[in-house]
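**Q** Chain order of the listed sequences is A and B. Note that the numbering used here gives residue 302 to position 299 of the first sequence, counting from 1, and the numbers run on in steps of one. Note that the numbering used here gives residue 132 to position 129 of the second sequence, counting from 1, and the numbers run on in steps of one. Where is the CB? At the ideal position from N, CA and C, for every residue including glycine. Dropping a structure here in structure tokens format, bear with me for questions.
Number of protein chains: 2
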Amino acid sequence: MSSQKHLMPPPAALLKPLSVPDRLLLGPGPSNCPPRILSAGGRQIIGHVHKEMIQIMHEIKLGIQYAFQTQNPLTLAVSGTGHCAMEAAFLNVVEHGDKVLIAMNGFWGERATDIAKRLGADVYQLVKAPGEYFTLEEIEKSLVQHTPVLFFITHGESSTGVVQPLDGLGELCHRHNCLLLVDAVASLGGTPVFMDQQGIDILYSGSQKVLSAPPGASPISFSMRARKKIFNRKTKPTSFYLDVEELAKYWGCDDNLIRYHHTAPINTFFGLREGLAILAEQGLENLWKHHKETSLYLCEGVKKLGLQLFVKEPEARLPTITTISVPKGYDWKEVTEYIMKNHGIEVSGGLGPSAGKVFRIGLMGYNCTKFNADRVLHALEDAFQHCLKNKL
Amino acid sequence: MSSQKHLMPPPAALLKPLSVPDRLLLGPGPSNCPPRILSAGGRQIIGHVHKEMIQIMHEIKLGIQYAFQTQNPLTLAVSGTGHCAMEAAFLNVVEHGDKVLIAMNGFWGERATDIAKRLGADVYQLVKAPGEYFTLEEIEKSLVQHTPVLFFITHGESSTGVVQPLDGLGELCHRHNCLLLVDAVASLGGTPVFMDQQGIDILYSGSQKVLSAPPGASPISFSMRARKKIFNRKTKPTSFYLDVEELAKYWGCDDNLIRYHHTAPINTFFGLREGLAILAEQGLENLWKHHKETSLYLCEGVKKLGLQLFVKEPEARLPTITTISVPKGYDWKEVTEYIMKNHGIEVSGGLGPSAGKVFRIGLMGYNCTKFNADRVLHALEDAFQHCLKNKL
Numbered sequence: 004m005s006s007q008k009h010l011m012p013p014p015a016a017l018l019k020p021l022s023v024p025d026r027l028l029l030g031p032g033p034s035n036c037p038p039r040i041l042s043a044g045g046r047q048i049i050g051h052v053h054k055e056m057i058q059i060m061h062e063i064k065l066g067i068q069y070a071f072q073t074q075n076p077l078t079l080a081v082s083g084t085g086h087c088a089m090e091a092a093f094l095n096v097v098e099h100g101d102k103v104l105i106a107m108n109g110f111w112g113e114r115a116t117d118i119a120k121r122l123g124a125d126v127y128q129l130v131k132a133p134g135e136y137f138t139l140e141e142i143e144k145s146l147v148q149h150t151p152v153l154f155f156i157t158h159g160e161s162s163t164g165v166v167q168p169l170d171g172l173g174e175l176c177h178r179h180n181c182l183l184l185v186d187a188v189a190s191l192g193g194t195p196v197f198m199d200q201q202g203i204d205i206l207y208s209g210s211q212k213v214l215s216a217p218p219g220a221s222p223i224s225f226s227m228r229a230r231k232k233i234f235n236r237k238t239k240p241t242s243f244y245l246d247v248e249e250l251a252k253y254w255g256c257d258d259n260l261i262r263y264h265h266t267a268p269i270n271t272f273f274g275l276r277e278g279l280a281i282l283a284e285q286g287l288e289n290l291w292k293h294h295k296e297t298s299l300y301l302c303e304g305v306k307k308l309g310l311q312l313f314v315k316e317p318e319a320r321l322p323t324i325t326t327i328s329v330p331k332g333y334d335w336k337e338v339t340e341y342i343m344k345n346h347g348i349e350v351s352g353g354l355g356p357s358a359g360k361v362f363r364i365g366l367m368g369y370n371c372t373k374f375n376a377d378r379v380l381h382a383l384e385d386a387f388q389h390c391l392k393n394k395l
Numbered sequence: 004m005s006s007q008k009h010l011m012p013p014p015a016a017l018l019k020p021l022s023v024p025d026r027l028l029l030g031p032g033p034s035n036c037p038p039r040i041l042s043a044g045g046r047q048i049i050g051h052v053h054k055e056m057i058q059i060m061h062e063i064k065l066g067i068q069y070a071f072q073t074q075n076p077l078t079l080a081v082s083g084t085g086h087c088a089m090e091a092a093f094l095n096v097v098e099h100g101d102k103v104l105i106a107m108n109g110f111w112g113e114r115a116t117d118i119a120k121r122l123g124a125d126v127y128q129l130v131k132a133p134g135e136y137f138t139l140e141e142i143e144k145s146l147v148q149h150t151p152v153l154f155f156i157t158h159g160e161s162s163t164g165v166v167q168p169l170d171g172l173g174e175l176c177h178r179h180n181c182l183l184l185v186d187a188v189a190s191l192g193g194t195p196v197f198m199d200q201q202g203i204d205i206l207y208s209g210s211q212k213v214l215s216a217p218p219g220a221s222p223i224s225f226s227m228r229a230r231k232k233i234f235n236r237k238t239k240p241t242s243f244y245l246d247v248e249e250l251a252k253y254w255g256c257d258d259n260l261i262r263y264h265h266t267a268p269i270n271t272f273f274g275l276r277e278g279l280a281i282l283a284e285q286g287l288e289n290l291w292k293h294h295k296e297t298s299l300y301l302c303e304g305v306k307k308l309g310l311q312l313f314v315k316e317p318e319a320r321l322p323t324i325t326t327i328s329v330p331k332g333y334d335w336k337e338v339t340e341y342i343m344k345n346h347g348i349e350v351s352g353g354l355g356p357s358a359g360k361v362f363r364i365g366l367m368g369y370n371c372t373k374f375n376a377d378r379v380l381h382a383l384e385d386a387f388q389h390c391l392k393n394k395l
């Protein structure tokens, strides 16, 4: 057979140089990476179990513990993007037939529902309109009604621009024998989260928002309460790649012995390490304050343009991602495309339940400056002058 | 509660600069990356659904089709390392209760067994000693005996240094109503594989071996026969992140409409694109010939040092990774540590069933040169002079 084989030729498109344009990324993520992080990601790699790599992973673990404000030993980065961390959260804790309650006020509740159902969970939803958040009373009522073992809620709803208050939620869940799982992909570093003090049992985030590192490695942490549920599983998690008790051995979470698990995304870890180092150098309190101030500055500018903020209650606005209602008569796609073409700036439309209804502007980490707020406000003003009202 | 919260201080280890030493990586992977790939990985990022990113993903798809020698539309890179691709292969195809046959002659058969069992498969093993490969007759006998729906085999067994002949295997599996799943992580680009002409139904690889790109994005492809099994599933795959029919919509595998699925590891894709471009520029035939010649050169040198190659049959030796038996009386760990310390070169010990029995030397992609073969031979000679025979 060997002699009869025919070799397909190489594709012409690959024989041209790689082409990557320069963009200012002011959508809901990814954010631009600072030169220090790009330079770290461009360094020559080392082996995934070399002692220097283990040290870098140790530093990542310490950085995540600081960013999450937790002392959980089971704290690490999964080798995938934010969605992958979301799956790792569910698949380690949930077993077939487990009751799971999902707070649904935007896209991430939908995605969480899909993931939990694939794992065979018995899923209930607590629903509110996009742009709103949940009160402790509403959540308690639903916990009593459905008696779930796990409650999922999104801290920073990037599809709607809402920040969910977390105080008292852990205590409430625990009183009802339920674990608290929080998605902090879009909020981490931009608005306060205290994993231990707020009683969060599973917390995950991404690297490409406030941390301004390349996507591909995602922070996650599990409380002892969550681990107890994992220890008592009747079946192994359906994934080896994301089995956190196996990953704990690779990351040396419980002792210093390091056991090979998989080949980590080495350069991506370099970048994440630098993103966490910048966070540690700047200090969480300063970053929270800076994101809040910059988002208030942006919101003032938006109002001055005569545009409406999508989230009515000022305190419920996510400091990292601001949502603006699409004015009647305008085509959101025409506006964002005009801004991309004429200003080289990414401004996004909605996602899921907010699709067609909002513009989303992210000022996160490296991109969180008043100068960038001014740039995007100028671009918006220009776009609304040039994009004609829909003729329908 | 808010006022009572106490902020943990930033960790001291993160306030020091990132430290990454220079290493020549001549183990079983990762390989060193050429400057062109590192430079691509260090470029500023763009959005995950920008048209330029979609073009880069299109080029990656074409590059994988060339590397795999396939015209399968469902060809893409999963957003994770080689292990992640292995899971994607199994979890898309296998449903609870499916019979799966695993060819087991090294570490990867063990890992495949673990993954398939987690998915609820009914797993059978076809076992041979580490260092051996399987004949068509042996495989057919096992297919007849167990009537599996899926047969897994490793093309390049990186734990033992064996290359598995693939000719005739697809036809054989299909005659027995079985899909053929092949792991080509350690072999792709270094030794011939013809996905379509060899009748392989699911093929996956990694980026950090012959492609010499950073780990974190992994090529995978599914035949129409494999897709038919996926279409007929009674349950959704347990992962959304790795659901290939969802990923197909993001990658535009069946039409040109691109739908958001997850945030891809953008810079890692830049690096993978460049790795595939180098492969296309050099040409598969040249790369196969070059790896074969360089490994023969290394094997000659190993024999001249008085060492024994672990794989007895010359034709069964994997051109990318050469295994050397640990000589009696020597401690493999002392030897590899001596080489790392005094020569800055990574040479690995065994893995799984070959642990303690072999040294593993990889000459792959960017690292595949006679100069590197000479360097590692010199280091081995030096190490065996300095590492004393075990006094036991």
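For B/H86, go through chain A and note every residue whose CB falls closer than 9 Å to its CB, in chain order.
**A** Within 9 Å Cβ-Cβ: S82, F243, Y244, H264, H265 and T266.
**Q** Output needed in chain order: residues of the stretch 63–78 of chain A with a Cβ under 7 Å from some Cβ in chain B.
**A** Listed by position, the residues of the stretch 63–78 of chain A near chain B (Cβ gap below 7 Å) are L65, G66, Y69 and Q72.
**Q** Spell out whether any CB of chain B is found under 8 Å from the CB atom of A/D25.
**A** So, interface residue.
**Q** Compare the C-beta of A/I205 against all C-beta atoms of chain B and say whether one is closer than 8 Å.
**A** False, the Cβ-Cβ gap to chain B never drops below 8 Å.
**Q** I'd like to know if B/Q200 contacts chain A, where contact means its C-beta is closer than 8 Å to some C-beta of that chain.
**A** By this cut-off, B/Q200 is an interface position.
**Q** Let me know the alpha helix (DSSP H) ranges lying completely inside the stretch 189–274 of chain B, each 4 residues or longer, listed in chain order.
**A** The qualifying runs are 227–234 and 247–253.
**Q** Closer than 8 Å is the cut-off here; do at least three beta carbon pairs connect the stretch 291–301 of chain A with the stretch 349–359 of chain A?
**A** At 8 Å Cβ cutoff, the stretches do not touch.
**Q** Cβ of B/C176 less than 8 Å from any chain A Cβ?
**A** Output row for B/C176: interface = no.
**Q** Residues of chain A with a CB under 7 Å from the CB of B/G45: which are they?
**A** L41, S42, G44 and G45, listed in chain order.
**Q** Can you list, in chain order, the residues of its chain whose CB lies under 7 Å from that of A/R230, leaving out five sequence neighbours each side?
**A** Cβ within range, chain order: L77.
**Q** Would you say A/A283 lies against chain B (beta-carbon separation less than 8 Å)?
**A** Chain B contact via Cβ: present.
**Q** Would you please verify whether the beta carbon of B/N180 is less than 8 Å from any beta carbon of chain A?
**A** Not an interface residue.
**Q** For a contact meaning CB atoms closer than 8 Å, what does A/N35 contact in chain B?
**A** The contacting residues are Q47 and I48.
**Q** Measure the Cβ-Cβ separation of B/V188 and B/G368 and say whether it is below 8 Å.
**A** Against a cut-off of 8 Å, the Cβ pair of B/G368 and B/V188 comes out as no contact.
**Q** Assuming A/K360 contacts A/V314 (C-beta within less than 8 Å), just tell me the rounded distance between them.
**A** Rounded, the Cβ-Cβ distance is 12 Å, inconsistent with contact.
**Q** Looking at the strands, I want to know which residues DSSP matches up with A/A15.
**A** A/A15 is not bridged to any residue.
**Q** Since B/S351 sits in a beta bridge, which residues does DSSP pair it with?
**A** Answer by DSSP bridge pairing, in chain order: B/R363.
**Q** For a cutoff of 8 Å on Cβ pairs, would you count A/R276 as touching chain B?
**A** Yes, A/R276 lies at the interface with chain B (some Cβ there is under 8 Å from its Cβ).
**Q** Strictly below 8 Å CB to CB, what residues from chain A border B/T271?
**A** In chain order: P217, G219, P268, N270 and T271.
**Q** So, is the C-beta of B/M367 closer than 8 Å to a C-beta in chain A?
**A** For B/M367, the answer is no, since every Cβ of chain A falls outside 8 Å of its Cβ.
**Q** With DSSP collapsed to three states, give me the class of B/T325.
**A** Note: B/T325 maps to strand in three-state DSSP.
**Q** Would you decide whether A/V247 is buried or exposed? Buried here means 16 or more other CB atoms lie within 10 Å of its CB.
**A** It is buried - the Cβ of A/V247 has at least 16 other Cβ atoms within 10 Å.
**Q** In or out: A/V130 buried (at least 16 other Cβ within 10 Å) or exposed?
**A** By the 10 Å Cβ count, A/V130 comes out exposed.
**Q** Determine whether the beta carbon atoms of A/V81 and A/I105 lie at a separation below 8 Å.
**A** Their beta carbons are not under 8 Å apart, which means A/V81 does not touch A/I105 by this criterion.
**Q** Where B/N75 and A/E90 are concerned, what is the direct C-alpha to C-alpha distance, given to the nearest angstrom?
**A** Computed Cα separation, rounded: 28 Å.
**Q** Put B/L182 into one of helix, strand or coil per three-state DSSP.
**A** Strand, per DSSP.
**Q** In the stretch 109–129 of chain A, which residues sit with their C-beta less than 9 Å from some C-beta in chain B, listed in chain order?
**A** Against chain B - using a Cβ distance shorter than 9 Å - the residues of the stretch 109–129 of chain A are R114, D117, I118, K120, R121, L122 and G123.
**Q** According to DSSP, which residues form a beta bridge with A/D125?
**A** DSSP lists A/K102 as partners of A/D125.
**Q** How big is the Cα-Cα spacing for B/S162 and A/L10?
**A** Their backbone Cα atoms lie some 29 Å apart in a straight line.
**Q** Please confirm whether A/L206 and A/F71 have their CB atoms less than 8 Å apart.
**A** For A/L206 and A/F71, yes; Cβs fall inside 8 Å.
**Q** Determine the extent of the alpha helix (DSSP H) in which A/A382 is found, giving its start and end residues.
**A** K373 to H389 is the extent of the alpha helix (DSSP H) around A/A382.
**Q** In chain B, which residues lie less than 8 Å from A/E349 when you measure between Cβ atoms?
**A** Those within 8 Å of A/E349 in chain B are G50 and H53.
**Q** Give a yes or no on whether 8 Å exceeds the smallest Cβ distance from A/G30 to chain B.
**A** Yes, A/G30 counts as interfacial toward chain B.
**Q** Taking the CB atoms as reference points, tell me whether B/L153 and B/L175 lie closer together than 8 Å.
**A** Cβ atoms of B/L153 and B/L175: not closer than 8 Å.
**Q** Flag this pair as yes or no: are the beta carbons of B/G202 and B/L183 separated by less than 8 Å?
**A** Result yes, Cβ atoms of B/G202 and B/L183 sit closer than 8 Å.
**Q** Which residues of chain A have a Cβ atom closer than 7 Å to the Cβ of B/M11, listed in chain order?
**A** Ordered by position in chain A, the residues that pass the 7 Å Cβ test against B/M11 are Y69 and Q72.
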